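What follows is a short report on a single structure.
In my numbering, the protein residues as written are 7 to 1233.
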């Protein structure tokens, strides 16, 4: 065999052009000049040392042109005078360990005299070749051609992907075929300078003969120049040349390969209606499936037979059936999964491309069939040349150089092959390697491919596995690497739609819809993003829990596959030095364009979808996995080159907007304070903000949907339960329509929730989020105390400016996410980062002064409340980690007690109602901490310390008074309406609007009573626990009388004359347990039983009466609420109180005529211990102290006021006492 010799490339900038069938071919760049047109070629002078380029000498004579035209047309009368030639290309690396290609002295010679047409390897009937070809195709169809395991070995013998040092001229195929049409005239003697086969050196010590090598070429290309047969393509031109002068047919095998390929391709271009590949029916399989005749588009079915090569979609012949319409002759048919297909044009280019791809694939088949023979340098070089020539000619076809130029807007012919995964392994890689150094050609070939993949991705959905094919194709393109260069990554970011400019207020949705990667990131399982998923998986008549679980797992697996490919794509772009900046700009653009997504009320039309943002978040999480916090700069968010555009009004953790602006201005005066932003820092903060804009809004939407489902369920149940009342009324039709509408909406919401379960409640995904928030917490703890993890509490009084200036949502998002997973996925809570999360909660709750917003502290309290075993049993271990943390045992209880009182005033308009929920959470936490020995001592210390605990008790009294009063009043209203509705005759007499008003009020009262009774029960429980352990603080002058009055009033509600008004249907529905409430209230009386408390009870003239206590004793005995001993103790207390009442009556003196200067200005009562306020006002000490328990302000000017600021007025006190003595003496 002739050695693979290198041909000198044409000079830089040289351009060749020609005409074929009257069509001007496009101008090709240097690397394809030789392969250009089947129409233009350069004559080459050859000698024994190599093949050299020769200058153009002129046009061919008319006689030569006519003969070549006739030859290409398949005419047999003309005698070709010039064979088709092909310039050489550099040989790709051989197999590992292979010997270098032998020099000319060891070339594989071909003796033309011994290979006349009669003795050609094709033979008379082509039987021998068919046999071998059949074997090759059989091998191809039984082993996947794109399998890495089966092909990587064979491909490595002929090509290497990581080659970046080879220039375009060295690495590109240079196919030079002389068609004789308008070619440059050359010296006729050049033909005689071609090496005759007899001049070639015979094979020396090789096991591959010349005949075998030629037979191998014919077998791979499925051609013959001897006989016509349906299994091969008959080459008229070569046949005529062999008949005329076999010695001058070709100079070497590269020349022969070029002539074969160009003649075959020209046969396709010149054929009008018939398919020149139709003869390949016996042993070949089609690369493409059946075509649709109406629009002449070829269908490529993605669902290939597992037993066949993935290169083939449907069974059928390569030549005819693969390019014929459905229903035509042949065995091709569209499979049952015909909906899963992609289309390609049915055109000449498709025929040529099919042929080239199969030839490329047959090289790999031969390498697998005969690895020993193919590993020989000469054979390996031959096969490598076949591959490279197939790639070069494929590039010409893809550009339309052999037919007509293709527009960049046209779909690439390769896209369906890539989507169907039926390209031979290495085909695309070799195509990239061959073209990427010529920018014009590279763009002309691969921009349509990229556009086609994006279009295909937009049409895909998770309702089938079609979605993965565009992703896998793009991923493979982006991962192609030569040295440190990723050519496709550079091309992707150069596209105009890589990062389009925003043209409307909806920048987020624009970026998703218009950017190149937007289509790939848009895969979603959420019903609002893609209704195909809900229609396919959750539209059955009954959605069982088990079915939903199985489907959710499948969808989560699909999403995981898609996201892995997305990560590979973006990672490849980031790893490529030339495109890293573009990738970071895109990541920042997604974050900045979706800032509005974090708002409570968002117009979804202006921002990216939840599915898009969660996919984007998953990719960023993967990029951040290996980031070390030591490499993250906490000052980045304030950096002048920060990519994240924070709104100017963004709330900060502690600092005000003015303080932040002043501090940043001070920082900017010294640029040395900022270091150059590095990738770990930028990636970390982009990921943090991506969480804020993706997972948190999705969680809020999920919770809102659950709330809507509960409300609809309640409405449906109410309509059903009350059907007997409205079915015969004039509004019956309206109610039925409403019931039907609610059921339809409820069904829709349940399906949407099922989709959201699959997209949001993915345990693996939630764990990634939790672990990342663990990193965020570590960063904030390092800012708070550089000694982390050896933090000591309390922290320094001065808040670090970096922490104070951080966006508030850095802390809030941690709380919200923890709250969500504790409720809906508590099993993911236990990760290595859990210790840091516990420490962060403890540190923040014990240093509330580090947070300006009280509602943010309330969220942290709510997280702790939700982890309480009494609320969520599955988080008991987490709660125990909090209560047993070394930092919590001394400071957690006092801090929570202080917050219990501080939350009285939050500054919000809803502060009065908000405080009840917050205090309910704290009370529940206290009940659990009280059971922990480590905290029991802290409680006792706080009980005995004084003022902080006194304020806490005062708030308990206030809340219990209000909550019990409101809940019992609502029960009375419920009782009233229920009694009215029981009397059907009178109820029907009421006007319809009045009935509706009463029913509406009933629903409102039921909601209020449920809520308030739950809160009231908790506060009474807390009273019950505290009064059992400590009594002294409850007996203070400012507290004792108020506590006694509150207890007396509620006893009167439960046991007084109007107690029957509290009797309602299904009291457990509202959480009303009158027996338990009475038991707890009387227990508090007994636990505080002493002379001082008895006097406080007797002094209450509003609710106390002897008859009330007697009725209480009677009900306790009748209901068996207490033991006999406890009842007797309560009876003794009642007797003591009655004695004090009688004594007070005998000693009662009227002080109503006291002078004004002796009266308290606030309560208008006689002062007993007057004190002067800083404002100069004089008040009674007990009254001002009671006020200070609620608010630390002067009641007259709202200035700050504390107990130590009160100044006694002994002179006035003495005057008051003297006046009182005079009154007593007069009495």
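From the three backbone atoms N, C-alpha and C, an ideal C-beta is built for every residue, glycine too.
Since this is a predicted model, take the numbers as computed values, not measurements.
With 16 other Cβ atoms within 10 Å as the buried cut-off, status of residue i
i: residue 536; result: buried
i: residue 1003; result: exposed
i: residue 925; result: buried
i: residue 1153; result: exposed
i: residue 487; result: buried
i: residue 555; result: exposed
i: residue 492; result: buried
i: residue 1025; result: buried
i: residue 842; result: buried
i: residue 432; result: buried
i: residue 907; result: buried
i: residue 200; result: Confidence at residue 200 is low in this model, with a pLDDT of 40, below 50, so the placement of that residue should be treated as unreliable; the coordinate-derived value is given next. Residue 200 is buried by the Cβ-count criterion.
Distance, residue j Cα to residue i Cα
i: residue 659; j: residue 815; result: 8 Å
i: residue 441; j: residue 582; result: 18 Å
i: residue 271; j: residue 399; result: 9 Å
i: residue 893; j: residue 939; result: 15 Å
i: residue 1214; j: residue 1097; result: 28 Å
i: residue 1110; j: residue 1064; result: 15 Å
i: residue 1208; j: residue 1198; result: 6 Å
i: residue 1203; j: residue 1181; result: 8 Å
i: residue 1169; j: residue 1190; result: 10 Å
i: residue 729; j: residue 756; result: 24 Å
i: residue 1286; j: residue 1230; result: Residue 1286 lies beyond the stretch modelled for the chain, which goes from 7 to 1233, so this question has no answer here.
i: residue 1076; j: residue 760; result: 30 Å
i: residue 1223; j: residue 1174; result: 8 Å
i: residue 923; j: residue 1020; result: 10 Å
i: residue 996; j: residue 662; result: 58 Å
First through last residue of the beta strand (DSSP E) which encompasses residue i
i: residue 613; result: No beta strand (DSSP E) holds residue 613; DSSP gives it neither H nor E.
i: residue 650; result: That residue, residue 650, is in no beta strand (DSSP E); it is neither H nor E in DSSP.
i: residue 1185; result: 1184-1186
i: residue 1204; result: Taken as a continuous stretch (DSSP letters only), residue 1204 belongs to no beta strand (DSSP E), as it is neither H nor E.
i: residue 1176; result: 1176-1178
CA nearest to the CA of residue i, picked from the options
i: residue 832; options: 867, 884 and 622; result: 884
i: residue 929; options: 786, 966, 940 and 916; result: 966
i: residue 463; options: 522, 446, 516 and 445; result: 522
i: residue 648; options: 591, 665, 621 and 972; result: 591
i: residue 1141; options: 1105, 1158 and 1100; result: 1100
i: residue 416; options: 461, 408 and 380; result: 461
i: residue 972; options: 937, 1136 and 1018; result: 1018
i: residue 446; options: 414, 428 and 1005; result: 414
i: residue 1056; options: 682, 373, 806 and 1106; result: 1106
i: residue 437; options: 820, 403, 215 and 701; result: 403
i: residue 688; options: 580, 957, 768 and 984; result: 580
i: residue 604; options: 675, 657, 640 and 557; result: 657
Range of the contiguous alpha helix (DSSP H) that encloses residue i
i: residue 808; result: 807-810
i: residue 774; result: 769-790
i: residue 377; result: 377-380
i: residue 931; result: 917-935
So does the stretch 1060-1074 actually touch the stretch 1032-1041, counting three or more Cβ pairs closer than 8 Å?
no
Could you check whether the stretch 795-804 touches the stretch 591-610, counting it as contact only if at least three pairs of C-beta atoms, one from each stretch, sit closer than 8 Å?
no
Tell me, please, whether the stretch 628-648 touches the stretch 531-546 by the rule of three or more beta-carbon pairs shorter than 8 Å.
no
Counting Cβ pairs closer than 8 Å, one from the stretch 404-418 and one from the stretch 361-374, do we hit at least three?
no
The stretch 727-741 / the stretch 849-860 touching (three or more Cβ pairs under 8 Å)
no
Say whether the stretch 1110-1128 touches the stretch 1158-1168, bearing in mind that this needs 3 or more beta-carbon pairs closer than 8 Å, one atom from each stretch.
no
Are the stretch 943-951 and the stretch 908-921 touching by the rule of at least three beta carbon pairs closer than 8 Å?
no
Would the stretch 376-389 and the stretch 231-238 be scored as touching if the rule is three or more Cβ pairs under 8 Å?
no
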